[in-house]
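A short worksheet on the structure shown next.
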Amino acid sequence: MSPLYLPLPCSLTRRRAQQQPDIDCSACPSSQPYQLLSPYLTTQSHFSKTIQLDEWKMDSPIFEPTDDCELDQTALLPGPDLSLDVGSAPMAYMYPAAPPGTNAQKRKFSDLDPEIATHFEKLSKDYPGLDADSQACHDPNSEPLPKLPIYHASFDKAANMAKGIIRGLQETVLLSGDQDEESNYMKECLAQLAVPAHPKPQVTCLYGNCGVGKSSLINASLGVEGASLKTGDGGSGTLVPIDFVQAVEKQRGPHVAYVFYFPSPGCGDIVKTAFANYYDSRLAPTENLSKDISAIDLGKTALKMLMALFADKPEFEDEEAAVRFLSRAVSADDPKILSRLLAWTRSILDELAKLGSVACICRNTAADLNRALEPFTQQTDFPEIEGTALDCSVWPFVRLVKKSLSNPVLAKGNVLVDLPGVSDGNQHRVQLANSYFRRCDQAIVVHSIERAEDEGCVEQYILNVFRRKRNGSVAVVLTRADDIEQEISGRIRYTPQQQAQLRSLDEYEKEVKEELRTVRQKLSRGSPSDFLRELTHKQGLYMFLQKNIKRKRTEILVAARNAKVRKTLQDWYRTKTNDPQELPVFCVSSKCYMEHIRGFSPVEPPLLSATMTEIPHVRSYLFSLANKAGKVDILKHYCAQVRSLLNQMELSCIGFKPMMKRDHLLKIVHGARKGISKQFDAVHQELCKRSITPILVKFDASEDSWLREAGNLCDRWSRYTYAGHVAFMKHEGNWKTAACGKANWNASLLDVARDDIQPLLDQFYVEGCYIFKIEAMQALGDLLDQMEQDMKDNLDYAQTKAFEGFFDSIRDRKKVMGNIIDETTKTLRHQILLLNNDTLNDGPNSPFTHKMSKIYKESIKAEPDKLRRTKHAARCAYFRDSVCLRKAGPFMAIKRYLEKGFNKVMDDADKSMVVQCETVLDAIMHDFNQVCPEREDNGVQALKRRETLGKKVKDGRDELEGPVRNTLLQCGVAMD
Numbered sequence: 001m002s003p004l005y006l007p008l009p010c011s012l013t014r015r016r017a018q019q020q021p022d023i024d025c026s027a028c029p030s031s032q033p034y035q036l037l038s039p040y041l042t043t044q045s046h047f048s049k050t051i052q053l054d055e056w057k058m059d060s061p062i063f064e065p066t067d068d069c070e071l072d073q074t075a076l077l078p079g080p081d082l083s084l085d086v087g088s089a090p091m092a093y094m095y096p097a098a099p100p101g102t103n104a105q106k107r108k109f110s111d112l113d114p115e116i117a118t119h120f121e122k123l124s125k126d127y128p129g130l131d132a133d134s135q136a137c138h139d140p141n142s143e144p145l146p147k148l149p150i151y152h153a154s155f156d157k158a159a160n161m162a163k164g165i166i167r168g169l170q171e172t173v174l175l176s177g178d179q180d181e182e183s184n185y186m187k188e189c190l191a192q193l194a195v196p197a198h199p200k201p202q203v204t205c206l207y208g209n210c211g212v213g214k215s216s217l218i219n220a221s222l223g224v225e226g227a228s229l230k231t232g233d234g235g236s237g238t239l240v241p242i243d244f245v246q247a248v249e250k251q252r253g254p255h256v257a258y259v260f261y262f263p264s265p266g267c268g269d270i271v272k273t274a275f276a277n278y279y280d281s282r283l284a285p286t287e288n289l290s291k292d293i294s295a296i297d298l299g300k301t302a303l304k305m306l307m308a309l310f311a312d313k314p315e316f317e318d319e320e321a322a323v324r325f326l327s328r329a330v331s332a333d334d335p336k337i338l339s340r341l342l343a344w345t346r347s348i349l350d351e352l353a354k355l356g357s358v359a360c361i362c363r364n365t366a367a368d369l370n371r372a373l374e375p376f377t378q379q380t381d382f383p384e385i386e387g388t389a390l391d392c393s394v395w396p397f398v399r400l401v402k403k404s405l406s407n408p409v410l411a412k413g414n415v416l417v418d419l420p421g422v423s424d425g426n427q428h429r430v431q432l433a434n435s436y437f438r439r440c441d442q443a444i445v446v447h448s449i450e451r452a453e454d455e456g457c458v459e460q461y462i463l464n465v466f467r468r469k470r471n472g473s474v475a476v477v478l479t480r481a482d483d484i485e486q487e488i489s490g491r492i493r494y495t496p497q498q499q500a501q502l503r504s505l506d507e508y509e510k511e512v513k514e515e516l517r518t519v520r521q522k523l524s525r526g527s528p529s530d531f532l533r534e535l536t537h538k539q540g541l542y543m544f545l546q547k548n549i550k551r552k553r554t555e556i557l558v559a560a561r562n563a564k565v566r567k568t569l570q571d572w573y574r575t576k577t578n579d580p581q582e583l584p585v586f587c588v589s590s591k592c593y594m595e596h597i598r599g600f601s602p603v604e605p606p607l608l609s610a611t612m613t614e615i616p617h618v619r620s621y622l623f624s625l626a627n628k629a630g631k632v633d634i635l636k637h638y639c640a641q642v643r644s645l646l647n648q649m650e651l652s653c654i655g656f657k658p659m660m661k662r663d664h665l666l667k668i669v670h671g672a673r674k675g676i677s678k679q680f681d682a683v684h685q686e687l688c689k690r691s692i693t694p695i696l697v698k699f700d701a702s703e704d705s706w707l708r709e710a711g712n713l714c715d716r717w718s719r720y721t722y723a724g725h726v727a728f729m730k731h732e733g734n735w736k737t738a739a740c741g742k743a744n745w746n747a748s749l750l751d752v753a754r755d756d757i758q759p760l761l762d763q764f765y766v767e768g769c770y771i772f773k774i775e776a777m778q779a780l781g782d783l784l785d786q787m788e789q790d791m792k793d794n795l796d797y798a799q800t801k802a803f804e805g806f807f808d809s810i811r812d813r814k815k816v817m818g819n820i821i822d823e824t825t826k827t828l829r830h831q832i833l834l835l836n837n838d839t840l841n842d843g844p845n846s847p848f849t850h851k852m853s854k855i856y857k858e859s860i861k862a863e864p865d866k867l868r869r870t871k872h873a874a875r876c877a878y879f880r881d882s883v884c885l886r887k888a889g890p891f892m893a894i895k896r897y898l899e900k901g902f903n904k905v906m907d908d909a910d911k912s913m914v915v916q917c918e919t920v921l922d923a924i925m926h927d928f929n930q931v932c933p934e935r936e937d938n939g940v941q942a943l944k945r946r947e948t949l950g951k952k953v954k955d956g957r958d959e960l961e962g963p964v965r966n967t968l969l970q971c972g973v974a975m976d
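Structure representation (C-alpha cells):
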C-alpha cells in the first residue's frame, strides 16, 4: 500500500473497490490504527457537495475489517444526523502509524521546519482556487517608499500651504492696482518666492563592464520594459551614455529622446584614431621579430566602428570588403585612404544636420523609441535614420542620448545614466564613460554575482568610485542572482535554519514524487470519469507542489549566497576605505522581476518572488538618493524666506514718521554692507592657513620619497619585453599583453602619492569645509549683531520700541544669510571633490595624466647613445629620468594644479557669498527706509493699502507659524 492515500468522496469508494480489486491492504495490519498524515499534502476535494455519512456502504477494502478485528461495523458509522460538506473542509490523508518499537519511515508534520510546513500547507489549500488561465502581476507603485520626510504626505501639503501664502499676498498687491515704488518692489519680492527652488537632481550612473546587465537593471528599476535597451540580464551592448530623466510638462509624447553629437572636428578625430588603431594592430610591420602579442585587439574594435559608420558604402558592405579596402594603407595616416574616410564623414554630418544640432525623436512606446534609436546607440544590421538618407549606424559620433519619460523614480529627483562598459577593447567607449562619470553624484557598480567576491575588477571599480566620489557615494548591484545552478555548493554557507529547511524540502519532495508516481500509475490504468477527474486534480496539485519545492529551494540557496557575497564585500570595503557608511550591496534578478511586471500564471510563478529579486530594495535605495538633493533644507529655507518677507511687508504697512538721526543710522547700515567682504576675506585666509597650505607643503616634503618609489617602478617596467614595453608606451601605460600582463602605469605612480595626500584632501573636504561654514556664519552673525547694537545705541529710548519689528526682521535675515552660506559650502565641497577626482586619479582632466602623456610620446622618440646602445634602453632611461625629475615632474604638476584650483574655488565661494549677502543687506536697507522714511506718505491710497495688506500679512503669519509649522512637524521637519 502506498504510504499516502488520496482522499476520495465516499460515493466513489465502492466504485474504486469494485473496479480495482487488485488493491492490496495486506501491508496495513488491522491492528494498526490509522492516523492523519501531515496537513501539508491536504487540499479540498475536487467535488463540492454534501454527502450523508449514513449512506456509506463499507464495502471498500479500505474500510472492510479483517477477520481478526472484533469491532462491530456500526461502531465505525457516525450518528444519523451528522453530515460532512466535502467542499468546505480540507480532506486529510490516512497514514499507518509505525509499530511500537520501530522508527517511522515517513516524517510527521511536526518534524518539518515550521516555515516550510506552513508555506506548503497554504499552497495546498490555495491550489483549488487558482486559475491557470488568469494573470497575476506585480505593481512597482505598490512598493513602500522609504520613511523619509520628503515622501510623507504632509511634506508636499506644507509646501503647497507655504506657496499659498505667497499667492494670497500676490493677489492682494495686484488687486490694489498701485504702481508706486513700494508696491512694485513687493511684486518683485513675491515673484521671486512664487515657488520654492527645485533641488538639482541626483545623477546616478551604472558603472561596470559591458554585458553585466546594466541596461536590464535600469529597466527593472524603473519598472518599464524596454526603458533602456534590453530586458534580459546582459548583452544589450550600450555604446553611448544614456540619460533617463523625468518628462517635462507638455512633452511631445510619452517617450522622447534627444541625441547629442560630438563637434564636427571631434568626429573627424574619431575616424582618424580608428583608422590608426586598425593600421597599428593589423597592418604595421613589427619592430622586432620577438613580437609581444597584445591581449587587446584594437584592430577589431576599430574595424567595428568603421563598418558601422560606412555600412552603406561598397567598400564596407561586409568585413571581407572592409579588410580589403583598409589593407591598401601604407601608413597610419595614409592620405588616400584617410581622405576618403573623412569625405564620407562630412557627408554623414551633413545628413545628421537635417535633424538639427540636437535630434529629437518622439514615439508612443518604449519599444518603438528603441527601434528608432538603434542607429544612434547600437550596432544594427538594418540601420535607417528617419529624415535622412543614411543607412548606417552613427553611434561613434553620438556623445549622449537623453531619454525623457514619466516615472516615479525619476519624478522624485533622480537622473539615471546607463554608461558604456568601462573595461572594454573599444577605448572610445571607455573614455566616453569615464568622462561622463566625472559629472555624476553617485555610482552603482554593476557586475554579475558569479564569483563577484573573488574578482579583482569588482573591488577595483568600487575603489575607483570611492576615490573619486568619497564616502557614501558608491553602491554595488550584483546581477543574475537567480542563476544558482552553476554555483559550487561548497562555496555557500547556510545558517542552521536554512539547513533544516533544505532537509525538510528534500524529504517533502520525496513524498510528493512518490504520490505523483502513484497517481500517474492509476491514471495510466484508466478509471471512471469522476475518479479520473479527481486523480487529474491530484496530479496537478503534486506537479504544482513540485515546482514550488524547486522555487523554495532556489530562494533558500539564493538567500544564502547573497548573504555570503554581501558580507564579504562589505567587510573588505570597510577595511579598505574606512568609510563610516556601510557599502550597500544588492543581489538582484532583473529577469525574474520583469516577469512579475509582465504578468504570470498563478500556477507558474517566476523562480524568485518579487522581494527576493531585491529590485524593490534597489528602487528604495534610488528613492533615498533623491533625499540627498536637499529638498528638506530647501523647503525650510523657503519658509524662512516667507517669514522674512512677511516681516518686511509688515514694516511697510506700519508707516512710521521721519525720525531723528536718520543719516547716522543709515551710515551704520551702509558700514555693515561694506564689512561683509572684509569678514569673508578673514575666513578665507584662515581656511587657507589651516587646510590648504598643509597640502601644498606635503608635496615638497614628500617628493624625494615619491621619486624613489617611482624609480623602482620604472626599473620594474624596464624589464618588460621590447615589444611589450613599446606597446605600453604607445597606449600611455594602460595596456595588456600576453608576456607582460595587464597594468596601468599612471595608476601605479599615483598610488605612490595617494597615502600622503588623500588624508589631507579628505580632511579639507570634511572638516575644513565644516569649519569654514561655521566661521563664516559666526563672522556674519557678529557683523549683524554689531549693526543692531550700534543702531540701538543711537536711538532714543522712546524710539526703540518702534524699531522692534525692524530688529526682528534682522534676525530673520540672519537665518537667510545662514542658508546662503550653507549652500555656498555645499558648492565648495563639490568643487573640492572634483579637484580630488582630477588630481589623484588617472583621467582626461588629470594634470598627472596630461604630464605623463607628454613623457610617453617623448620617450618613444628617444634615440640610443653611447651609454644606452639600444632603443629599449634609451626609452627606459628617458622615461625614468622624466618621471623622476624633481620640481618639474608629474607629481609637482599635481601641486600646481591644486594650488591654482584652490584659489579659484575659494575666490568663487567668496564672490558668491558676498553678492548674495549684500542682496540681503539691501533688503535690510529697504526695511530701514520703511521704519525711518525721509517723508511720511499719508495719502488715502497709501493708508488703504496698508490696512488691507496688513490684514493679509497677519493672516499669512498666522498660517505660517501655525498650520504650516505643524504640518511640517508631522513629517519630522522642524521649521527654523
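Counting from 1, one number per residue, gives the positions in the sequence shown under the working numbering.
The beta carbon of each residue, even a glycine, is placed where N, CA and C say it ideally should be.
- By the Cβ rule, the segment 813-831 counts as touching the segment 628-648, because three or more pairs are nearer than 8 Å.
- Beta-bridge partners of Ile757 (DSSP): none assigned.
- For Lys564, the closest C-alpha among the options Arg451, Ser609 and Cys392 is that of Arg451.
- Residue state for Ala359 is assigned as strand, using DSSP reduced to three classes.
- Comparing alpha-carbon positions, the option among Ala443, Gln427 and Ser393 lying closest to Val415 turns out to be Ala443.
- A Cβ-Cβ distance of about 5 Å is found for the pair Val203 and Asp441, placing them in contact under the 8 Å criterion.
- Between Leu217 and Val588, the CB-CB gap stays under 9 Å.
- By alpha-carbon distance to Pro140, the top candidate from Asp785, Lys854, Lys674 and Thr611 is Thr611.
- In this structure, DSSP gives Cys876 a helical state, which the three-state scheme calls helix.
- In this structure, the straight-line span from the alpha carbon of Tyr722 to that of Trp745 is close to 16 Å.
- Lys403 carries a strand assignment under DSSP once its states are collapsed to helix, strand and coil.
- If the five residues before and after Phe544 are omitted, its C-beta is found closer than 7 Å to the C-beta atoms of Tyr127 and Val603, all from its own chain and listed in chain order.
- C-alpha of Lys547 to C-alpha of Thr536: approximately 17 Å in a straight line.
- Two segments are said to touch when three or more pairs of C-beta atoms, one from each, lie closer than 8 Å; by this definition the segment 459-473 touches the segment 826-838.
- In this structure, Phe772 sits near Leu687, with a CB-CB distance shorter than 9 Å.
- With a contact defined as Cβ atoms closer than 8 Å, Leu352 and Val323 miss out at about 27 Å.
- The criterion of a C-beta distance shorter than 9 Å is satisfied by Ala359 and Phe376.
- DSSP places Leu835 in the uninterrupted alpha helix (DSSP H) bounded by Glu804 to Thr839.
- For Leu646, same chain residues with a beta-carbon under 6 Å away, outside a window of 5 residues either side, are Val953, Gly956 and Arg957 in chain order.
- Counting every other CB atom within 10 Å of its CB across the protein chains shown gives Phe803 a total of 16 or more, marking it as buried.
- Check the Cα spacing between Val330 and each of Asp368, Asp700 and Asp280: the tightest is with Asp280.
- Within the same chain, Gly599, Phe600 and Pro602 come within 7 Å of Ala136 by CB-CB distance, once the 5 residues on both sides are set aside.
- Nearest C-alpha to Cys884 among Leu828, Leu707 and Tyr436: Leu707.
- The beta carbon of Arg493 is closer than 7 Å to those of Ala560 and Lys564 in its chain, skipping five residues each way along the sequence.
- With respect to Ala747, Trp735 sits apart: the two C-beta atoms are not nearer than 9 Å.
- Excluding five sequence positions before and after Val558, the CB atoms of its chain that fall closer than 6 Å to its own CB belong to Ala481 and Ile484, given in chain order.
- Under the DSSP assignment, Ala475 falls outside any alpha helix (DSSP H), being part of the beta strand (DSSP E) whose first and last residues are Val474 to Thr479.
- Excluding the 5 residues flanking it on each side, Gly268 has same chain C-beta neighbours closer than 7 Å at Leu342 and Thr345, in chain order.
- Rounded to whole angstroms, the separation of the alpha carbons of Thr380 and Leu432 is 20 Å.
- Distance between Lys857 and Val401, taken at the CA atoms: about 34 Å.
- Within 10 angstroms of the beta-carbon of Asp243 lie 16 or more other beta-carbons, which makes it buried.
- Per DSSP, the continuous beta strand (DSSP E) segment holding Asn414 begins and ends at Asn414 to Asp418.
- Nearest to Ile668 by C-alpha distance, out of Ile449, Gly741, Phe928 and Ala682, is Phe928.
- The C-beta distance from Gly472 to Glu650 rounds to 43 Å, too long to fall under 8 Å, and the pair is not in contact.
- Annotation: Leu666 to Lys826 spans about 34 Å, alpha carbon to alpha carbon.
- If you ignore the 5 residues before and after Asp838, its C-beta comes within less than 6 Å of the C-beta of Asn845 and Ser846, all in its own chain and listed in chain order.
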